[in-house]
Structures are given as C-alpha cells and as structure tokens.
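In this text, residue positions in the sequence shown follow our numbering: the first is 178, and each later residue adds one. Every residue gets a Cβ at the ideal spot worked out from N, C-alpha and C, and that includes glycine. Only a predicted model underlies this, so the values are computations on that prediction, with no experimental measurement involved. Written below as structure tokens is the structure these notes are about.
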Amino acid sequence: MIDKIANSSGVDKATVENALAHILDNTYRLWDSEEFEYRDRNFYPHYDMAQSFQRLMLGKPRESDIIMLKHESLESHYMNEYNMAYDDAHKLANEKYNYQEADKHG
Numbered sequence: 178m179i180d181k182i183a184n185s186s187g188v189d190k191a192t193v194e195n196a197l198a199h200i201l202d203n204t205y206r207l208w209d210s211e212e213f214e215y216r217d218r219n220f221y222p223h224y225d226m227a228q229s230f231q232r233l234m235l236g237k238p239r240e241s242d243i244i245m246l247k248h249e250s251l252e253s254h255y256m257n258e259y260n261m262a263y264d265d266a267h268k269l270a271n272e273k274y275n276y277q278e279a280d281k282h283g
C-alpha cells in the first residue's frame, strides 16, 4: 500500500508511511465527542480523507490528496517529536499544507 501510494503521488515512502501510521495506527490524547472527555484513541474516520486514499490507491490523485499526505506526516512529526496537542499541531501543519482549503478546490 505504501509503495502504491508513493508511486501514484510522487511523495516519498517515509512521508506516506508517517501519514498512514498517524491516521490509522497511532493513538493520541484526543477529545472523545461521544464520552465528552479526553481519551487516548485513534482519529475518527474522515470521509474526505477516505476519498483521497481511494484516489491515491487508484493512481488518480488530486493535488489536494498529495497535500493531505504531507499535512498528516507533518502533523504527526509535531505531535510525536514535539509532544504538541492535536489542535496546535494541526494549525501549524495547515500553515504549510492546508488540506481542507486545497480539498475545496479539488
């Protein structure tokens, strides 16, 4: 999967691997909107990101999909290396790779 996404996106394998681990595997201290408290957990599934991964796997990525990979990898770096809270890491990653804004434009 990592090789396939790296090949279709032109993004290096390490970035793809970091993004996937961050989104799918790693647990963080995050707000649980069902329990109304912070808990150690994975991220909630995100429809737009699932669509991005589908396009990446099919070899038909949009520029926003590539931005998503870079955003998630950078966000992971901030959270894991600097112990940043999700909100802070997300805002900082958005300064360089703003997936939500890019996704609005395709």
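Three-state secondary structure assigned by DSSP to residue i
i, result
"L207", "strand"
"Y263", "helix"
"Y274", "coil"
"M245", "helix"
"L197", "helix"
"H254", "helix"
"K237", "coil"
Cβ neighbours of residue i in the same chain (closer than 8 Å, five flanking residues each side left out)
i, result
"H267", "E252"
"H282", "S241"
"D180", "K190"
Proximal residues to residue i (C-beta, below 7 Å), its chain only, five neighbours per side dropped
i, result
"W208", "Y215"
"L246", "S186, V188, T192, V193, A196"
"N260", "none"
"K273", "L251"
"Y255", "M261, A266, L269, A270"
In DSSP terms, what residue i is bridged to
i, result
"D189", "BP columns for D189 are empty, so no partner."
"Y224", "In the DSSP output, where bridge partners are listed per residue, Y224 has none listed."
"Y215", "W208"
Supposed contact pair residue j and residue i - C-beta distance, whole angstroms, cut 8 Å
i, j, result
"E249", "I200", "6 Å"
"Y224", "Y263", "Not a contact, Cβ separation roughly 19 Å."
"A198", "I244", "18 Å between Cβ atoms; not a contact."
Any non-hydrogen atom of the ligand SAM closer than 7 Å to residue i Cβ
i, result
"A266", "As presented, the structure is devoid of all ligands, the ligand SAM included, so that no description of it is given."
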